[in-house]
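Here's the structure, in structure tokens; my notes come after.
In mature numbering (1 follows the signal peptide of the UniProt record, and there is no 0), the protein residues as written are -18 to -1, 1 to 112.
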């Protein structure tokens, strides 16, 4: 019985961890998303939520953000109208300690054409509704 319990405790964290997939980069950060955290919030209106993670690989601006610090961002997406809203933004240091968090009222804006936001929203909408 104890062996079964220990086995369950060992494998459980692997299911709960995010599986971040790379989707873009710029001169300061790499950008990731997690298919497991894509949620359909309204099937008729085609609304989804999803998380992104952006990890700093360069410290270009001398501020309080360092290499391997990262942001987690919760987006609300409207797949019918190609609009996005940022709901929650959290900054962590490379050790995983929360440094800053902000949750804002939901305000949808059109996605910028040919942006990484548009590419990701289209990809996740296809995933969620196909």
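Beta carbons are placed, not taken as given, at the ideal position from N, Cα and C, and that holds for glycine.
- Counting the other CB atoms within 10 Å of its CB gives residue 40 a total below 16, which places it among the exposed residues.
- In the displayed model, residue 101 falls within a helix according to three-state DSSP.
- By the neighbour-count definition (other C-beta atoms within 10 Å, threshold 16), residue 51 is a buried residue.
- Closest in C-alpha terms to residue 108, from the list 22, 11, 97 and 7, comes 22.
- Where residue 83 is concerned, the enclosing beta strand (DSSP E) starts and stops at 80 to 85.
- Residue burial annotation: residue 93 is buried, with at least 16 other C-beta atoms found within 10 angstroms of its C-beta.
- A contact between stretches requires three or more CB pairs, one per stretch, nearer than 8 Å, and the region 54 to 65 meets this requirement with the region 26 to 41.
- A Cβ-Cβ distance of about 6 Å is found for the pair residue 5 and residue 102, placing them in contact under the 8 Å criterion.
- Excluding residues up to 5 positions away in sequence, 56 and 85 lie with their Cβ nearer than 6 Å to the Cβ of residue 70 in the same chain.
- Of the residues 49, 91, 98 and 36, the one whose Cα lies closest to the Cα of residue 72 is 36.
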